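Engineer: What follows is a structure written as structure tokens; I'll ask about it next.
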Amino acid sequence: MSQHEKKENAKAVCRVCSNRYRDPKILPCLHTFCSDCIARLESFSTSVGPGEPERFGSSVTVLCPDCDSEVELPPCGPAGLSTDHLALDEMFRESVCCVHLCEFCCQAHRRQKRTSSHSVQTLAELKVEGRLCRSVLCPLHPGQELRLFCPPCDRPVCVECSASLHRDHRCCPTGDVIHRHGDHIRQMVSVHLRPRLEQLEESLLKVEASQDALQARVEAAANEVRAFARSYATAVETHCVSLLHRLDELRVQHSNQLQLQGAQLRQTHSDVQHSVDFAERLLNRGSDAEILSAKGVTLTRLTKPAGEVDGFPLVGVINAKMVDVNRCTLEGEGTNGERGVVGEKGSFTLECRDSVGDRIIRGGENVQVSIVNKDKKSCTVEATVTDNEDGSYSVSYTPEEPGIYSVWVCVRAQHVKGSPFILSVKKKLRRHLGNFHCCSFCSSAGNKEARCGCAGTMPGGFKGCGHGHKGHPGKPHWSCCGSTTERSECLPQSVLDAVSSRGHLRTVEL
Numbered sequence: 066m067s068q069h070e071k072k073e074n075a076k077a078v079c080r081v082c083s084n085r086y087r088d089p090k091i092l093p094c095l096h097t098f099c100s101d102c103i104a105r106l107e108s109f110s111t112s113v114g115p116g117e118p119e120r121f122g123s124s125v126t127v128l129c130p131d132c133d134s135e136v137e138l139p140p141c142g143p144a145g146l147s148t149d150h151l152a153l154d155e156m157f158r159e160s161v162c163c164v165h166l167c168e169f170c171c172q173a174h175r176r177q178k179r180t181s182s183h184s185v186q187t188l189a190e191l192k193v194e195g196r197l198c199r200s201v202l203c204p205l206h207p208g209q210e211l212r213l214f215c216p217p218c219d220r221p222v223c224v225e226c227s228a229s230l231h232r233d234h235r236c237c238p239t240g241d242v243i244h245r246h247g248d249h250i251r252q253m254v255s256v257h258l259r260p261r262l263e264q265l266e267e268s269l270l271k272v273e274a275s276q277d278a279l280q281a282r283v284e285a286a287a288n289e290v291r292a293f294a295r296s297y298a299t300a301v302e303t304h305c306v307s308l309l310h311r312l313d314e315l316r317v318q319h320s321n322q323l324q325l326q327g328a329q330l331r332q333t334h335s336d337v338q339h340s341v342d343f344a345e346r347l348l349n350r351g352s353d354a355e356i357l358s359a360k361g362v363t364l365t366r367l368t369k370p371a372g373e374v375d376g377f378p379l380v381g382v383i384n385a386k387m388v389d390v391n392r393c394t395l396e397g398e399g400t401n402g403e404r405g406v407v408g409e410k411g412s413f414t415l416e417c418r419d420s421v422g423d424r425i426i427r428g429g430e431n432v433q434v435s436i437v438n439k440d441k442k443s444c445t446v447e448a449t450v451t452d453n454e455d456g457s458y459s460v461s462y463t464p465e466e467p468g469i470y471s472v473w474v475c476v477r478a479q480h481v482k483g484s485p486f487i488l489s490v491k492k493k494l495r496r497h498l499g500n501f502h503c504c505s506f507c508s509s510a511g512n513k514e515a516r517c518g519c520a521g522t523m524p525g526g527f528k529g530c531g532h533g534h535k536g537h538p539g540k541p542h543w544s545c546c547g548s549t550t551e552r553s554e555c556l557p558q559s560v561l562d563a564v565s566s567r568g569h570l571r572t573v574e575l
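Everything in the sequence shown is counted per the working numbering, starting at 66 for the first residue and increasing by one.
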């Protein structure tokens with residue numbers, strides 16, 4: 066595109082062909098294009114009548130090149146669309162000279178071939194109309210201006226059209242009806258479109274604000290993800306270094322153990338070899354008296370090893386298994402929800418296991434046990450740990466106060482599986498001294514002297530209770546205190562003495 070074309074008025078240029086409008090037509094979506102540009106648009110859909118060829122007497126739908134809206138073309142094609150006279154005005158302003166002329170120059174302007182087609186307006190006309198405009202001519206009568214309006218046809222017409230095609234219609238000057246139709250358009254714009262436009266602008270602002278907020282949240286989340294990834298990578302690297310360090314410690318530990326065992330084996334081998342050499346030399350070279358005299362010390366030395374396996378002496382055991390605190394198990398009182406009792410000895414067992422769950426068959430581990438009251442930190446229970454030398458450790462304790470205790474079991478300063486666990490210690494119950502029976506009559510086989518701690522009475526001189534008689538609790542109960550709960554603490558005598566004697570009224574025999 067040339068520099069001159071770039072300076073052209075954009076309102077006078079078609080957005081499809083990028084040239085000045087040629088017969089500009091308005092689509093139903095209010096976008097303007099050249100008539101032939103509209104005719105070249107690919108049809109989106111076509112409604113063809115029966116027996117009619119396509120795009121002839123049919124309704125064609127195309128997509129607007131500007132807004133992608135589906136717009137329907139009239140059956141006669143783009144020629145049936147309204148002409149955009151505002152676009153023609155813009156083209157008119159681009160084509161005029163826009164200079165002031167005197168009467169003589171105006172006549173010369175009309176005589177010159179290059180400017181003979183220019184329209185010249187007087188200053189008085191410009192002042193009345195308020196703008197530079199061209200005459201809107203009738204498409205059927207090019208020499209006539211559209212100065213009249215036909216209400217039945219709802220379109221502007223020229224004088225010849227009103228006298229011929231619209232002679233039966235009451236046509237009136239455009240100036241008489243422009244206010245009514247212009248006011249209707251103005252009202253539509255001010256009442257409906259302007260508020261709608263403001264709402265759309267407000268919604269667009271909200272969408273833009275939401276997009277900004279979304280972008281901010283996305284960036285914040287991305288920063289959190291990056292920070293987490295960095296910290297996680299650092300933690301993994303630290304853990305990897307720790308594992309490698311621990312692995313190196315284990316290597317050094319086992320290497321030292323192997324070196325020590327190797328030294329012990331070499332020393333034992335040397336001792337055994339020396340004993341064998343001495344015994345063979347004694348047997349091969351010594352006399353009978355010499356053999357008998359050295360028999361005692363020789364046999365003592367030869368029988369010193371602890372035992373033999375396949376003829377070889379036992380000189381040690383290699384312990385390669387290590388304790389895994391996550392595999393160790395706790396069994397016994399409190400570890401599975403049992404309760405302890407004040408003053409009674411409780412116990413549980415710790416079994417040390419390796420990483421595959423196999424039990425360690427040796428002792429010597431540093432086992433620590435702490436039992437602390439959760440409500441009274443100063444209240445602790447002394448625990449005794451006994452090494453059974455087979456990988457198990459017995460822990461015993463005797464609580465002095467009731468309450469909820471937290472029991473910590475650690476091996477090598479690390480909690481074992483299930484630690485800490487809760488130990489509930491209850492006070493020692495007062496034991497019942499009577500029988501849990503249905504009534505004293507039944508439990509004593511009808512003995513009149515049998516008594517019961519409940520408030521039941523029987524007539525006939527019976528001192529205890531009986532089924533269906535006054536005061537019977539209606540369910541089995543303890544004869545010592547009258548409690549109806551079988552597993553309960555016996556009520557103290559002070560509680561029984563506090564019961565009013567009126568509550569123990571007995572029936573008498575009439």
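All C-beta atoms, glycine included, are put in the ideal place defined by N, C-alpha and C. In this text, all values refer to a predicted model and were calculated from it rather than measured experimentally.
When DSSP builds the beta bridges, which residues end up paired with N438?
Structural biologist: Note: N438 sits in a beta bridge opposite Y470.
Engineer: Using 9 Å as the threshold, is the C-beta distance between V481 and V390 below it?
Structural biologist: The answer is yes: Cβ separation under 9 Å.
Engineer: At which residue ranges does the stretch 138-185 contain complete alpha helix (DSSP H) runs of 4 or more residues, listed in the order of the chain?
Structural biologist: Within the stretch 138-185, the complete alpha helix (DSSP H) runs of at least 4 residues are 150-160 and 168-176.
Engineer: Secondary structure at K360, three-state DSSP: helix, strand or coil?
Structural biologist: If DSSP states are grouped into helix, strand and coil, K360 belongs with the helices.
Engineer: For S484, which of helix, strand or coil comes out of DSSP?
Structural biologist: Three-state result, S484: coil.
Engineer: Quick check on DSSP: helix, strand or coil for Q576?
Structural biologist: Outside the displayed range of the chain (66 to 575) lies residue 576, so it cannot be described from this structure.
Engineer: Hey, could you find the ends of the beta strand (DSSP E) S459 is sitting in?
Structural biologist: Counting along the chain, the beta strand (DSSP E) containing S459 begins and ends at S457 to Y462.
Engineer: According to the neighbour-count rule (16 or more other Cβ atoms, all chains shown, within 10 Å of its Cβ), is S134 buried or exposed?
Structural biologist: That one is exposed.
Engineer: Would you please state the rounded distance, in angstroms, between the beta carbons of L202 and C236? I believe it to be under 8 Å.
Structural biologist: In fact, because the Cβ distance is near 17 Å, the residues do not count as touching under 8 Å.
Engineer: With a threshold of 8 Å on Cβ separation, who are the neighbours of T414 within its own chain once the five nearest residues in sequence on each side are excluded?
Structural biologist: L395, E396, G397, S457, Y458, S459 and V460.
Engineer: When DSSP labels each residue in this structure, what does R316 get in the three-state scheme?
Structural biologist: In the structure shown, R316 sits in a helix (DSSP, three-state: H, G or I).
Engineer: Do the CB positions of P216 and T148 come within less than 9 Å of each other?
Structural biologist: No, the pair does not count as a contact, with Cβ atoms beyond the cut-off.
Engineer: Would you tell me roughly how many angstroms separate the C-alpha atoms of W543 and Q433, rounded to the nearest one?
Structural biologist: About 45 Å.
Engineer: Are at least three pairs of beta-carbons, each pair with one atom in the stretch 461-470 and one in the stretch 483-498, less than 8 Å apart?
Structural biologist: The answer is yes - the stretch 483-498 touches the stretch 461-470, with three or more Cβ pairs under 8 Å.
Engineer: When the Cα of L364 is compared with those of R350, T303, G405 and S340, which residue comes out closest?
Structural biologist: When each option's Cα is compared against that of L364, the closest is S340.
Engineer: From R331 to N321, what does the alpha carbon distance come to, in whole angstroms?
Structural biologist: About 15 Å.
Engineer: Let me check understanding here. Comparing Cα to Cα, which of L151, T180 and V185 lies closest to E165?
Structural biologist: Residue identity check: residue 165 is His in the sequence provided, not Glu. Out of L151, T180 and V185, V185 has the C-alpha closest to the C-alpha of H165.
Engineer: In this structure, does DSSP put R80 in helix, strand or coil?
Structural biologist: DSSP places R80 in coil when its eight states are reduced to three.
Engineer: Just confirm the distance between the C-beta atoms of V437 and K493, as a whole number of angstroms; I'd bet it's less than 8 Å.
Structural biologist: The Cβ separation is near 21 Å, so there is no contact.
Engineer: Let me make sure I understand the geometry here. Which of G327, L323, D219 and S227 has the alpha-carbon closest to that of H206?
Structural biologist: When only C-alpha atoms are compared, the closest one is S227.
Engineer: Under 9 Å, do P541 and C503 count as touching if we go by C-beta distance?
Structural biologist: For P541 and C503, yes; Cβs fall inside 9 Å.
Engineer: Please determine, among S108, R175, A173 and E210, the residue with the shortest C-alpha to C-alpha distance to H150.
Structural biologist: Minimum Cα distance to H150 is reached at E210.
Engineer: Quick one: is H537 buried, meaning 16 or more other Cβ sit within 10 Å of its Cβ, or exposed?
Structural biologist: By the neighbour-count rule (16 or more Cβ atoms within 10 Å), H537 is buried.
Engineer: Can you tell me which of C167, C545 and F501 puts its alpha carbon nearest to the alpha carbon of E551?
Structural biologist: Ranking C167, C545 and F501 by Cα distance to E551 puts F501 first.
Engineer: Can you give me the Cβ contacts of E373 inside the same chain, cut-off strictly under 6 Å, excluding the 5 residues immediately before and after it?
Structural biologist: Confidence at E373 is low in this model, with a pLDDT of 49, below 50, so its placement is unreliable and no value can be given for it.
Engineer: Can you tell me which of the three DSSP states L556 falls into?
Structural biologist: Coil.
Engineer: If you drop the 5 nearest sequence neighbours on each side, which residues of the same chain put their C-beta closer than 6 Å to that of T126?
Structural biologist: For T126, where only same-chain residues beyond five positions count, the Cβ hits under 6 Å are F109, S110, E135 and E137.
Engineer: Just curious, the alpha helix (DSSP H) that T239 is in, first and last residue?
Structural biologist: That run of the alpha helix (DSSP H) goes T239 to Q252.
Engineer: Indicate the three-state DSSP secondary structure (helix, strand or coil) for N74 in the structure shown.
Structural biologist: N74: coil per DSSP, three-state reduction.
Engineer: Which residues in the same chain as R418 place their Cβ atom closer than 6 Å to its Cβ, once the five residues preceding and following it in sequence are excluded?
Structural biologist: Hits under 6 Å: R392, C393 and R424.
Engineer: Thinking C-alpha only, which one of H249, E416, T187 and R259 is nearest D455?
Structural biologist: For the residues H249, E416, T187 and R259, the minimum Cα distance to D455 belongs to E416.
Engineer: Would you decide whether G195 is buried or exposed? Buried here means 16 or more other CB atoms lie within 10 Å of its CB.
Structural biologist: At G195, the pLDDT of 49 sits below 50, so the modelled position is not reliable and the matter cannot be decided from this model.
Engineer: Return helix, strand or coil for G397, following the three-state DSSP convention.
Structural biologist: Three-state DSSP puts G397 in a strand.
Engineer: Is the Cβ-Cβ distance between C545 and C530 less than 9 Å?
Structural biologist: Not closer than 9 Å, so no.
Engineer: Looking at the structure shown, is V407 part of a helix, part of a strand, or coil, going by DSSP?
Structural biologist: Coil, per DSSP.
Engineer: Assign A298 to one of three DSSP states: helix, strand, or coil.
Structural biologist: If DSSP states are grouped into helix, strand and coil, A298 belongs with the helices.
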